[in-house]
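Chemist:
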Amino acid sequence: MASAKHSKRWPNLLDCRAAFAEPPGPGDELPPVRIELADGNSVLSDAADVDAVLSRFFGRDVELARAAQNGYTIDQYHPDLENYDPDGHRDEVVEAQLGAAFFNERGLPSAVPEASFFDLYPLSVLTTSTLDQLGNLEPQSRFDVRRFRMNVIVDTSERGFVENGWLGRTLAIGDDVQLAVSLPDPRCCMPGLPQEDLPRDPEVLKALARHNRIDVAGALYPCAGVSAVAETTGTVRKEDSVSLA
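Heads up: the sequence shown at position 84 corresponds to 67 in my numbering, and the numbers run straight through without jumps.
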């Protein structure tokens, strides 16, 4: 499966963009997605030539799929970084199971549906406090929110890695949505990859390994943000208020 976790195999993936061709409505069938490639070309997800366009861009055979195969894996690069991987992988590519297969292999209830493309959890949350904390600790790097590709960004005034203290709690967003905060969000090499005007910066991951290694399922990982699942659904809007219970 295509993943920027192995950037040599899938270069420029973070410079591609995807968005619904039309705004989806609650309860409606999802519209097609417009995929904008880094070379300036674009293609709709339901176009007859979508596989050919993607294959041409990436220089390898690519098939766009709506559902993941059971037990799918990705090639994940583990950087040559001390205290990054609890299993000791350094400067090597590891075949990694993600999604429901990750939980099934460990005999745990899955946080995501079968055949979905989620890494581990359906939602991720990051605070501006964490970005500010990293910037204060390592001012030579740009801890831009785009590096972390989160679903929800919460504007917070406290100092430190504040969402580390949200584990096991419920995050209410707006009037309806409630998220169960489940785990710290372990990070891979992707936050340090170049995208748009952000340069390549391996120090981003090194900073997390130095300052925010947290226990995730019995092992320590460099983390930024938290993973969550929706307990109640609804509409999330920019500037919604957020509270913890």
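Cβ coordinates follow ideal geometry from the N, Cα and C atoms, glycine included.
Does DSSP put P174 in a helix, a strand or coil?
Modeler: Here P174 sits in helix by DSSP.
Chemist: State buried or exposed for K(-9), treating a residue as buried only when at least 16 other CB atoms are found within 10 Å of its CB.
Modeler: With fewer than 16 other Cβ atoms within 10 Å, it is exposed.
Chemist: Take R43 as the anchor and find which of I136, I156, M(-16) and L109 has the nearest alpha-carbon.
Modeler: Per the Cα distances, M(-16).
Chemist: Give me whichever residues DSSP pairs with S210 in a beta bridge.
Modeler: Paired residues: S107 and L166.
Chemist: Please name the residue in A30, G54, D63 and T111 whose C-alpha comes closest to that of S93.
Modeler: Residue G54 is the option with its Cα nearest to S93.
Chemist: Bridge partners of F3, per DSSP?
Modeler: Per DSSP, V16.
Chemist: How far does the alpha helix (DSSP H) with D44 in it reach, from first residue to last?
Modeler: No alpha helix (DSSP H) holds D44; DSSP gives it neither H nor E.
Chemist: Quick one: using the 10 Å Cβ neighbour count with 16 as the cut-off for buried, is D11 buried or exposed?
Modeler: Burial call: exposed.
Chemist: Roughly how many whole angstroms lie between the Cα atoms of G71 and R125?
Modeler: Each residue's Cα considered, the two are about 28 Å apart.
Chemist: Buried or exposed for R130, going by 16 or more other Cβ atoms inside 10 Å?
Modeler: Buried, because 16 or more other Cβ atoms sit within 10 Å of the Cβ of R130.
Chemist: Please go through the same chain and pick out, in chain order, the residues whose beta-carbon is closer than 6 Å to the beta-carbon of A1, but skip the five residues on each side of it.
Modeler: Counting only Cβ-Cβ distances below 6 Å, and skipping sequence neighbours, we find V16 and I18.
Chemist: Kindly indicate which three-state DSSP category A35 falls into: helix, strand or coil?
Modeler: Helix at A35.
Chemist: Among the candidates R220, L188 and L227, whose CA atom is the shortest distance from the CA of H61?
Modeler: Of the candidates R220, L188 and L227, the one whose C-alpha sits nearest the C-alpha of H61 is L188.
Chemist: Take every Cβ of the segment 95 to 114, pair it with every Cβ of the segment 143 to 158, and state whether three or more of those distances are shorter than 8 Å.
Modeler: Flag = yes, the segment 95 to 114 and the segment 143 to 158 touch.
Chemist: Would you say S165 and S210 are within 8 Å of each other, going by their C-beta atoms?
Modeler: Yes. Within cutoff.
Chemist: Would you report the Cα separation of A35 and V45, rounded to the nearest angstrom?
Modeler: Cα to Cα, the separation comes out at about 8 Å.
Chemist: What's the C-alpha gap between Q178 and L(-3)?
Modeler: Roughly 6 Å separates the two Cα atoms.
Chemist: Determine the contact status of V212 and G157, defining contact as a CB-CB distance below 8 Å.
Modeler: For V212 and G157, no; Cβs fall outside 8 Å.
Chemist: Quick one: residues in its chain with C-beta nearer than 8 Å to the C-beta of Q52, no 5 flanking neighbours on either side, listed in chain order?
Modeler: Cβ within range, chain order: A98.
Chemist: Could you have a look at T113 and say whether DSSP puts it in helix, strand or coil?
Modeler: Residue state, collapsed to three classes: helix.
Chemist: Suppose you measure from the CA of H194 to the CA of G23; what does that come to, to the nearest Å?
Modeler: Those two C-alpha atoms are separated by around 38 Å.
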